[in-house]
Every structure is written in C-alpha cells, then in structure tokens.
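K.L.:
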Amino acid sequence: MASCKHAGWLRVIENRDSKELIIERTDRLGALVREMPEPDFQRPLVCLFLGTSTKDEAMRNIFNRNNIRRGDRANVNLRVDTASLTSDNPVLFADSNPFQIPLSEKTHVWCHETMSHSTTWHTTASRAVIDVLYSRLVFTFSDVICIFADDFQTLEAIMLRLIAWTEVQNASSLPSDTRPRLLIILSEDGKFSEARIEDYLASSNPGRQLSSSFSTLKIFQLAGKYLSPSTRYQRLHAEIRYHMEESRAIKSSLRCLFSATHLLHFFNSAVKHTAHNPGEVFDFIKVARDADPVKTDHHVYLQKFLKLCVHFKISYNMVAAFVASSIMMNAYPKRMHLFDPYLIYRNLYRPHCNKAFQFSYGPQCSTYLDREVQAQCDRIFEALEDGYTDAAQLHRGTAEKYSSFLRQVVTNTVCIWCLCRPPERHLSCGHSICDICAAAFGIPLPKSDTQFRLDCLFHDGGELLANIKPPTAGVRLIGIDGGGARGVTPLEFLGELQKLLGECPIHDMIDLALGTSSGGLTVLAKFHQKWPVSQCASIFETLARRCFSTSDSALGRLKAVVKYITSDAMYDERFLEGALQETLPGQLFGYVPGIVSGTKVALTATSGGNARSIFTNYNGSAQPMGYTVVRPENNHDEAALWQAARATTAAPIFFKPITVAGQEFWDGGLGFPNPIELAMWECSRIWDKNISHDVIISLGTGEASKGLPRRKTHSLQKLWTSFMDFLDGHTRYGDVRNGLDEQRRQDFFRLNTELPFPIRLDDVQSIPLQKEQIHLHPPGQLIEVATALLVSNFYFQLDTSPIYDGGFYLCEGSIRCRGVYKNIVNALIALYQPEMEFVTANETLASLDLQACEMCSLYNRHVSFYVRHPTENVTISLRLAKGIERKISGFPKNMQWFEIQQGLDSPFTGSGSSQKIRGV
Numbered sequence: 017m018a019s020c021k022h023a024g025w026l027r028v029i030e031n032r033d034s035k036e037l038i039i040e041r042t043d044r045l046g047a048l049v050r051e052m053p054e055p056d057f058q059r060p061l062v063c064l065f066l067g068t069s070t071k072d073e074a075m076r077n078i079f080n081r082n083n084i085r086r087g088d089r090a091n092v093n094l095r096v097d098t099a100s101l102t103s104d105n106p107v108l109f110a111d112s113n114p115f116q117i118p119l120s121e122k123t124h125v126w127c128h129e130t131m132s133h134s135t136t137w138h139t140t141a142s143r144a145v146i147d148v149l150y151s152r153l154v155f156t157f158s159d160v161i162c163i164f165a166d167d168f169q170t171l172e173a174i175m176l177r178l179i180a181w182t183e184v185q186n187a188s189s190l191p192s193d194t195r196p197r198l199l200i201i202l203s204e205d206g207k208f209s210e211a212r213i214e215d216y217l218a219s220s221n222p223g224r225q226l227s228s229s230f231s232t233l234k235i236f237q238l239a240g241k242y243l244s245p246s247t248r249y250q251r252l253h254a255e256i257r258y259h260m261e262e263s264r265a266i267k268s269s270l271r272c273l274f275s276a277t278h279l280l281h282f283f284n285s286a287v288k289h290t291a292h293n294p295g296e297v298f299d300f301i302k303v304a305r306d307a308d309p310v311k312t313d314h315h316v317y318l319q320k321f322l323k324l325c326v327h328f329k330i331s332y333n334m335v336a337a338f339v340a341s342s343i344m345m346n347a348y349p350k351r352m353h354l355f356d357p358y359l360i361y362r363n364l365y366r367p368h369c370n371k372a373f374q375f376s377y378g379p380q381c382s383t384y385l386d387r388e389v390q391a392q393c394d395r396i397f398e399a400l401e402d403g404y405t406d407a408a409q410l411h412r413g414t415a416e417k418y419s420s421f422l423r424q425v426v427t428n429t430v431c432i433w434c435l436c437r438p439p440e441r442h443l444s445c446g447h448s449i450c451d452i453c454a455a456a457f458g459i460p461l462p463k464s465d466t467q468f469r470l471d472c473l474f475h476d477g478g479e480l481l482a483n484i485k486p487p488t489a490g491v492r493l494i495g496i497d498g499g500g501a502r503g504v505t506p507l508e509f510l511g512e513l514q515k516l517l518g519e520c521p522i523h524d525m526i527d528l529a530l531g532t533s534s535g536g537l538t539v540l541a542k543f544h545q546k547w548p549v550s551q552c553a554s555i556f557e558t559l560a561r562r563c564f565s566t567s568d569s570a571l572g573r574l575k576a577v578v579k580y581i582t583s584d585a586m587y588d589e590r591f592l593e594g595a596l597q598e599t600l601p602g603q604l605f606g607y608v609p610g611i612v613s614g615t616k617v618a619l620t621a622t623s624g625g626n627a628r629s630i631f632t633n634y635n636g637s638a639q640p641m642g643y644t645v646v647r648p649e650n651n652h653d654e655a656a657l658w659q660a661a662r663a664t665t666a667a668p669i670f671f672k673p674i675t676v677a678g679q680e681f682w683d684g685g686l687g688f689p690n691p692i693e694l695a696m697w698e699c700s701r702i703w704d705k706n707i708s709h710d711v712i713i714s715l716g717t718g719e720a721s722k723g724l725p726r727r728k729t730h731s732l733q734k735l736w737t738s739f740m741d742f743l744d745g746h747t748r749y750g751d752v753r754n755g756l757d758e759q760r761r762q763d764f765f766r767l768n769t770e771l772p773f774p775i776r777l778d779d780v781q782s783i784p785l786q787k788e789q790i791h792l793h794p795p796g797q798l799i800e801v802a803t804a805l806l807v808s809n810f811y812f813q814l815d816t817s818p819i820y821d822g823g824f825y826l827c828e829g830s831i832r833c834r835g836v837y838k839n840i841v842n843a844l845i846a847l848y849q850p851e852m853e854f855v856t857a858n859e860t861l862a863s864l865d866l867q868a869c870e871m872c873s874l875y876n877r878h879v880s881f882y883v884r885h886p887t888e889n890v891t892i893s894l895r896l897a898k899g900i901e902r903k904i905s906g907f908p909k910n911m912q913w914f915e916i917q918q919g920l921d922s923p924f925t926g927s928g929s930s931q932k933i934r935g936v
C-alpha cells in the first residue's frame with residue numbers, strides 16, 4: 017500500500033471563470049487516526065497555528081521531534097505530535113497561512129484520497145472564503161487557536177480578522193464552553209505591545225463579541241530573540257499545554273470529548289455540511305444518529321405499548337422506567353459516544369414521548385411521566401458511564417425487574433422489547449419480537465451463521481429459534497399461483513427441486529414466500545409449517561378431493577349449479593373449513609412449535625369492494641401502497657392459520673367468502689392472480705428498497721392452449737372464460753417479466769407445464785394426469801433453479817471499509833455461508849465438478865473449499881480485490897463446471913452499499929451495534 021507524507025488537509029479551490037468554490041479534503045486526518053494504537057479510546061486535542069514565518073518557527077521548536085518541513089500547497093495542513101501519539105490524548109496540530117487566497121486548480125496525487133465538495137457560498141471578498149473555512153469548520157474542531165501577531169502587517173489587520181470570524185460565527189451545536197481558546201501571541205521585541213492590543217480589545221465592540229466564537233481570549237508575550245529558540249518557545253509550549261488541558265477537562269465534564277474514530281467521522285461530515293449548508297449549525301448529536309435516526313413514527317409504537325399498560329393498570333413508575341430503558345438502549349448502542357442524556361432525551365425522544373403520554377394519559381400525567389422518564393434516563397446513564405455493561409444489558413435487567421407486570425403485555429403491533437419497531441416473530445410464550453432485537457438478544461447457535469436462540473426477557477418460559485437474514489445477503493422469493501385442484505402441479509415442481517437440493521431443505525432457502533388460493537395452501541404447508549413436500553402433496557390431494565366432492569356426472573353438475581343459485585356457492589364451505597381446522601392449528605402470525613422461525617410468508621385475499629389484502633406472519637417496516645396487511649390491534653382477533661387459508665381459497669362461485677375480525681374476504685386470485693409481483697413489492701417493505709433479488713421463482717399450475725377463438729360465443733360462456741383467465745396467473749407472469757430489467761430477468765424463473773386440455777379448478781379427477789404431465793415433460797430450468805438457490809447461500813461482507821491505495825480502493829472481506837455448508841457443497845458437487853471458484857469479472861478470488869472449519873463448521877473465506885471507487889458496481893460469482901457462473905447473494909452491488917448495510921460508514925452504530933447480525 018502506498019505511503020503518503022503529505023501534510024495537506026484542506027484546500028479551497030476557486031474556478032476563475034465560474035467563480036465556483038470547492039472545498040477539497042484529503043484523508044490526512046484519517047491517516048493520522050490510523051497511526052494511533054487505539055483510536056476508539058484515544059481522545060485527540062487539536063491546536064491551530066495561524067500565521068506565516070513566526071508561526072513556522074514556533075511549530076518547529078514546540079514540536080521538535082516531528083522534523084517539520086514546509087507544508088503542502090494547502091489552506092490548512094495537519095500533523096500529529098509524535099511524542100503524544102500513544103497517549104490518551106494525542107495532540108493534533110494544524111497550521112494555516114491566513115493571507116492565502118483560494119487556489120485555482122485541484123490536486124492530482126495518487127498517494128492519498130481526496131474528496132471535493134462544491135459549495136453554496138456567496139462571498140465577494142476572496143479573504144472571506146478562508147474566514148468561512150476557519151469559523152464554520154476548522155474552529156469547530158479546534159481546542160486552542162494561536163494567532164502570531166508579528167506575522168500581520170498592522171494591529172487593524174488582526175482586528176479585522178477577529179471581526180470577520182465573529183460575524184461568520186461558530187457552527188458547533190456543542191455548549192459554548194467547548195469553543196476554542198484563543199491565544200494572541202506577540203514578541204517582546206516585535207512591532208506590537210501587549211498594552212496596545214488589550215486597550216484596543218477593551219474599547220472595541222467586536223472585542224466584546226468574541227465570546228460568541230471563543231471560550232477565552234488571552235494575549236501572550238513571547239520572549240525576545242536574545243534567547244535561544246528552544247528556551248524562547250518553552251513558555252509558549254507550556255501555555256499551550258495548559259490551555260489544551262483546560263479544554264480537555266471542560267469537554268470531558270460536558271461529555272464532548274470525542275474519540276479519534278468519532279472525531280474523524282464528525283470532521284468528514286462537517287466538511288460536507290460546511291460546503292452545502294454554511295449558515296446552519298453543525299449538529300453533533302444528529303450526525304451521530306445519521307446511520308440510525310429516531311423514526312418519525314416512534315410515538316406511534318409508544319402509544320400502542322401505553323394503551324396496553326393502561327388496560328392492565330401498570331403503574332406510572334414502571335411505565336416510565338421501561339420506556340426510559342428502551343430509549344437508552346436505542347440511544348446508546350455499544351459504539352455510540354456518551355452524549356449528555358438530557359440533550360439526547362430533549363432533542364430526540366421528548367417530542368415522541370410527550371405525544372404518546374398525552375394521547376394515553378392526558379396533560380397532567382404526561383408532565384409527570386416526562387420528568388420521571390428523564391430521571392430514569394439519568395440513572396441508567398450513570399451505570400453506562402461506569403463502563404461495566406451496555407445499554408442492551410441494562411434494558412434486559414429492567415425487563416427482568418418488572419417481568420411479573422410486563423409479561424401480561426402481549427401484542428402483535430409493537431416489539432415489546434424495544435418499543436420502536438413492529439414485531440416480526442413470536443416466542444412460545446406469545447410475546448413477539450422484531451428481527452433487530454432477535455439478533456441483539458439472541459444467542460448464536462453453532463454450525464450456522466444466522467441462527468439464534470432467544471429466551472423471553474420477562475422470564476415466562478418463552479423461547480424461539482430464529483433464522484435471520486444477514487444484512488448483506490439478498491433475498492430469495494417464491495410465488496405460487498392459484499388453480500384449485502391444479503395446485504398439485506407446483507407441489508410436483510417443489511418435489512423435483514428438493515431432489516436436486518439433496519439434504520438442503522428448500523424451505524431454508526426461501527426468504528419470502530407468497531401464495532394465492534391453492535398456492536397459499538402450499539406456502540402455508542411447505543414454508544410456514546415446513547412439512548416435507550410428500551406430506552404437503554398428500555394433504556393437498558386429500559383436501560381437494562374432500563372439498564370438490566360433487567360428482568362429475570351431468571346430474572352432479574346440475575346439483576352444483578342449483579346449489580350456487582340457492583346459496584351463492586357451488587360447494588359446501590363447511591367441508592373445506594373442517595379440513596383446514598384439522599390440518600392447520602394455531603395462528604398465522606404466531607409461534608410454530610418444533611421449527612426454526614425463518615421464511616416470511618404471505619397469503620393474498622380480497623375484501624370489501626375488491627380491495628386487495630394480505631395475511632402475513634410478519635409486519636414489515638412500512639405501510640404498503642395499494643393493498644393492506646390484515647393485522648388487528650387486538651391479538652384475540654388475529655387470523656388463525658385455517659382462516660387465512662380459507663380466505664385465500666374462497667373463489668367466487670365455488671365457495672362463500674369468510675368473515676375474519678368482522679371483515680369479509682374472498683379468493684386472493686381476484687387481486688393477485690400471480691403473487692410473484694407482490695413478493696417483489698413486499699421485499700422493499702420488509703427489508704430495503706435497494707435489496708438484491710437473488711432468486712425469483714414463480715410456480716404455475718399448468719397452462720392449456722386456448723386454440724383458435726370460436727366465431728360465436730354465448731355471453732355467459734364468454735364471461736366465464738374471461739373470469740377463469742383472470743384467475744390464471746400465467747398471463748400476469750408475462751406482464752411481470754416484461755417489466756423487469758435484463759439483470760432481474762436472469763434471476764427470474766417460471767416453472768410451469770403445458771396441459772393437454774383446459775382443466776377446471778374443481779377437476780380432482782385430473783390430478784394423476786397433471787403429475788404424469790410433469791414427469792413426461794419436466795421444465796428445463798429445474799437444474800438452473802436448484803443451482804441458483806444453492807449458490808445464493810454464499811454471501812459477502814466487508815472486514816473494513818475500502819482503503820484508498822494509489823488511485824484504487826482495496827476491498828477486503830469474507831465470503832460466508834448461510835446454510836449448513838457441508839450439505840450445500842455436497843449438493844453442488846452432485847450437480848457439477850468439485851473444482852469451483854469465486855470470481856469477479858476481472859479476476860479469480862479464491863477456490864471453493866470442500867470443508868468448513870473443523871471447530872465451528874462455519875465457512876469463512878477471506879478475499880480481497882480492487883475497485884476504482886466504492887460506488888462502482890461489482891459482482892462476485894461462483895464459477896462452476898463448463899464455464900457456468902452464478903452470482904452469490906447480494907450482488908451486483910457497490911462497496912458503499914456494503915458499508916452502509918454493515919454500519920461501517922458510521923463508527924457510532926457499526927459492528928458493535930445491536931442492529932447487526934453475528935459476523936458483521
């Protein structure tokens with residue numbers, strides 16, 4: 017990796033033609049931070065020297081171990097005092113020539129990274145540019161500022177600069193006591209006397225306004241040149257050390273003394289802020305939460321919790337203690353700076369709390385609860401400052417303390433563990449939890465990268481095994497069409513796929529499964545209950561024959577028609593409901609005994625005036641557009657499994673609708689004949705709009721050639737044919753595929769079969785024929801689909817942020833595996849040759865090991881490669897036999913996306929954050 021000795025830190029570039037101003041920042045501060053042995057714990061102090069020749073001489077004698085040479089052609093240079101590099105408070109010293117005008121050209125060097133930010137400044141005097149740079153940016157991060165008066169032409173020139181800085185004003189949101197301490201240094205034998213400057217400051221109005229930009233101002237007289245240089249600057253060095261120590265003590269008491277890692281992030285953010293928003297305050301707390309801001313609907317989840325507390329008559333003090341504990345867990349993840357809890361509560365959480373308290377308890381109680389929550393936050397913060405525990409463990413202790421009261425608070429609308437997100441899974445006790453809390457409080461299981469075991473916070477015996485998608489992995493989707501008795505066809509496809517997958521259950525390789533009508537039944541059986549495909553097929557056939565029990569004779573058809581005329585349905589829904597209740601006990605959004613909670617499933621339905629709805633075993637992070645999620649406020653109204661199955665299969669004409677929680681539901685095919693499009697919509701609602709779709713599988717129920725249209729068709733017959741076509745998902749599949757870009761089409765698979773003739777939804781006699789048709793004419797894509805599923809178990813994560821190296825960025829990371837590695841490799845070897853390797857478009861990264869770690873059975877293959885820029889898209893693929901390549905999970909993506917997903921872009925919520933899964 018190229019080394020860099022440039023000291024240049026900040027430059028202002030002015031385009032002479034357009035007059036555009038650009039702030040250019042090098043990675044000089046980052047390079048110095050990386051030299052520190054423990055940047056997460058060391059807290060640097062910054063001293064700024066302003067002047068020319070006298071300033072240069074002072075720096076050479078004060079920091080005599082640094083061997084300081086002439087600075088770069090930059091507005092501000094930066095160095096570290098080598099004598100303090102390993103100390104708790106390393107000293108960074110910057111220097112600048114305050115008379116330098118903006119440069120006219122950008123730098124072109126390859127040894128360090130340079131970032132440019134176009135400004136929105138409107139300045140007329142060239143000198144004002146550097147004054148804005150000082151006041152709004154450099155001063156914000158300086159502890160002591162030394163102005164060398166002898167380097168100025170006149171006393172008035174010094175005063176003019178002080179006035180300019182005062183007018184521009186400091187940009188920091190931190191308390192005024194943390195602002196820099198100003199030293200005006202003049203020589204004993206120089207052209208200015210101490211008395212003249214003091215008199216001028218005392219008599220001038222700007223002199224009295226300096227307190228808005230500086231915490232203290234002191235005039236220091238430097239000994240004359242009759243002393244040796246080292247002796248001459250000894251007192252000044254001691255004076256600077258004194259003021260640095262004073263600044264350190266004040267910042268520490270106000271909890272504003274930042275680690276080197278945090279300081280680097282704040283400064284880089286402040287450069288961009290200064291360029292784009294020069295007149296706005298730089299809010300340190302807000303910047304620290306940029307990667308994980310408090311959600312705008314936080315008060316909504318608090319209200320849901322408080323509503324239950326009111327119902328169960330839980331005391332105000334317990335409510336306040338638990339709310340405060342949840343706030344502190346959210347506010348102080350492991351790597352967060354310990355800001356003053358009063359500022360955190362006031363600026364981020366109080367508006368939400370007050371809104372929720374007033375809604376649930378009224379104004380008077382709201383005032384009391386507000387004070388009590390603040391007091392509880394202060395108490396918890398004292399324990400945090402001791403450093404022996406973290407906020408998540410303190411929250412666990414609060415939950416245990418009040419468990420006898422809080423365990424009765426059971427809801428599906430708010431995660432009772434964090435009070436700021438909807439829940440996604442259920443424990444056996446009935447309490448629900450979001451995926452972030454599941455990863456934070458769960459105990460990682462051996463032999464799997466993504467499985468966790470949870471015990472309920474409230475000590476009521478609840479437990480859960482959960483399989484949680486890694487943040488850098490993409491998603492695998494499956495959508496199963498409806499088709500009545502033709503629902504046996506998708507089951508046959510699943511059976512054939514499972515044979516190719518070997519010992520890797522297909523339900524462990526799907527992140528989201530959606531089904532319509534009979535496809536909904538298959539989704540429930542295979543991806544919710546996780547039954548073997550053979551069991552799913554057997555139960556489905558029995559169910560179909562039991563429900564469509566009318567004789568296929570002319571008399572049987574006549575009876576069905578008469579029944580439809582008299583009761584609005586051709587078949588008796590009681591047979592269907594009885595069979596479903598026997599087969600599918602429990603709730604859809606509930607705990608399933610004996611299985612690992614993994615795949616998210618949804619069933620489609622329509623309600624009211626053909627409004628589209630879905631029944632789900634999850635909530636998702638946002639409200640859908642164009643359809644609704646059936647999620648009643650009251651847990652007792654939550655849909656049972658059989659009710660959701662009955663709703664999605666209530667095809668008009670064949671069965672009556674079902675009423676669930678006071679609402680009538682019909683077959684989902686009326687709104688979502690092919691649910692795969694809905695699955696893609698749901699991905700962005702559950703995870704992220706930029707999530708990669710690794711594999712998209714759409715299973716059809718058979719397609720018969722329609723032949724040539726008849727010349728004359730009865731209107732009722734035409735209506736019937738149109739209705740059947742509308743319920744058929746194959747036509748909609750073509751529309752969905754046509755709307756995909758080329759990349760997504762490569763990941764989109766449609767498995768369907770050609771039927772010899774049209775088969776009605778209620779034709780159970782044709783089930784053997786449908787099975788035979790698949791075995792005689794299997795889809796050609798089966799091996800390709802199986803390969804895509806197997807390879808999608810591999811995913812990539814960065815070990816560190818990409819590092820600039822001579823014009824390129826070095827990316828170092830690991831390829832990991834979501835499933836049981838041994839089974840995945842065996843299935844791939846059965847389909848291809850053992851020699852497989854991970855590649856990019858330009859190079860081979862590593863071979864695929866045939867064995868995982870003997871100790872933990874996990875796969876972790878280190879790889880490294882270069883990209884031109886972190887925003888450049890790249891794809892890592894697994895190269896198989898005969899030149900076949902299949903991208904691993906999450907790609908194509910750029911490295912900046914990986915940084916954000918893993919929290920590497922923020923040192924406040926990064927790898928130590930409760931939001932990240934093991935290994936990230």
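One point on numbering: in the numbering used here, the residue at position 236 of the sequence shown is 252, and numbering is uninterrupted. Built from N, CA and C at the ideal position, the CB exists for glycine as well.
1. Give the straight-line distance between the Cα atoms of ALA408 and GLU758, rounded to the nearest whole angstrom.
2. What's the C-alpha gap between SER700 and ASN706?
3. From this set, LEU777, PRO521, LEU596, ARG351, which residue's C-alpha is nearest GLY403's C-alpha?
4. Count the other C-beta atoms from every protein chain shown that fall within 10 angstroms of the C-beta of ASP193, then say buried if there are 16 or more, exposed otherwise.
5. Short check: CB of SER533 to CB of GLY684, under 7 Å?
6. Within 10 angstroms of the Cβ of VAL148, are there 16 or more other Cβ atoms? Answer buried if so, exposed if not.
7. Can you grab the Cα-Cα spacing for the pair LEU920 / GLU593, in whole Å?
8. Which of the three DSSP states is assigned to ILE522 in this structure?
9. From ILE449 to ASN483, what distance separates their C-alpha atoms?
10. Excluding the 5 residues flanking THR405 on each side, which residues of the same chain have their C-beta closer than 8 Å to its C-beta?
11. Tell me whether the beta-carbon of PHE164 lies closer than 7 Å to the beta-carbon of ILE201.
12. Check whether the Cβ atoms of PHE564 and LEU604 sit closer than 7 Å, and answer yes or no.
13. Quick one, which of LYS616, ALA663, ARG492, ILE831 has its alpha-carbon nearest GLY498's?
14. Looking only at DSSP bridge pairs, what is GLY24 linked to?
15. Can you name the residues that DSSP bridges to TRP137?
16. DSSP state of PHE881, grouped into three classes?
17. Find the nearest neighbour of GLU512 within the set LEU686, GLU800, SER629, judged by alpha-carbon distance.
18. How is VAL676 classed by DSSP in three states: helix, strand or coil?
19. Quick check on DSSP: helix, strand or coil for THR632?
20. Just the C-alpha distance for ASN346 and LEU619, rounded to the nearest angstrom, thanks.
21. Among the residues of its own chain, which have a CB less than 6 Å from the CB of PRO357, if the five just before and after it don't count?
22. What are the boundary residues of the alpha helix (DSSP H) that includes LYS288?
23. Could you tell me if TRP126 is buried or exposed, where buried requires 16 or more neighbouring beta carbons within 10 angstroms of its beta carbon?
24. Nearest CA to the CA of ASN626: which residue from PRO668, ASN633, PRO648?
25. Under a three-way DSSP split, which group does GLY495 fall into?
26. Which residues in the same chain as PHE79 place their Cβ atom closer than 6 Å to its Cβ, once the five residues preceding and following it in sequence are excluded?
27. Are there 16 or more other CB atoms within 10 angstroms of the CB of THR170, so buried, or fewer, so exposed?
28. Considering only the alpha carbon of each residue, which of VAL335, VAL107, ASN889, LEU443 lies closest to ALA415?
29. Does DSSP put HIS253 in a helix, in a strand, or in coil?
30. Decide if ARG177 is buried, meaning its Cβ has at least 16 other Cβ atoms within 10 Å, or exposed.
31. For TRP703, does the three-state DSSP call read helix, strand or coil?
32. Per DSSP, what kind of secondary structure is PRO379 in: helix, strand or coil?
33. Report the CB separation of CYS453 from CYS472 in whole angstroms; it is logged as a contact under 8 Å.
34. Give, in chain order, every unbroken run of the beta strand (DSSP E) that is at least 3 residues long and sits entirely within the region 145-227.
35. Of the residues LYS672, GLY606, ILE343, which one's Cα is nearest the Cα of HIS442?
36. Does the region 377-386 come close enough to the region 286-300 to have 3 or more Cβ pairs within less than 8 Å?
P.N.:
In short, the structure shows the following:
1. 44 Å
2. 7 Å
3. ARG351
4. exposed
5. yes
6. buried
7. 51 Å
8. helix
9. 13 Å
10. ALA399
11. yes
12. no
13. ALA663
14. ASN93
15. For TRP137, which the question treats as bridged, DSSP gives no partner whatsoever.
16. strand
17. GLU800
18. strand
19. strand
20. 33 Å
21. CYS393, ASP394, PHE397
22. 276-292
23. exposed
24. PRO668
25. strand
26. ASP97
27. exposed
28. VAL335
29. helix
30. buried
31. coil
32. helix
33. That belief does not hold up - the Cβ atoms of CYS453 and CYS472 are roughly 12 Å apart, past 8 Å.
34. 160-164, 197-203
35. GLY606
36. no
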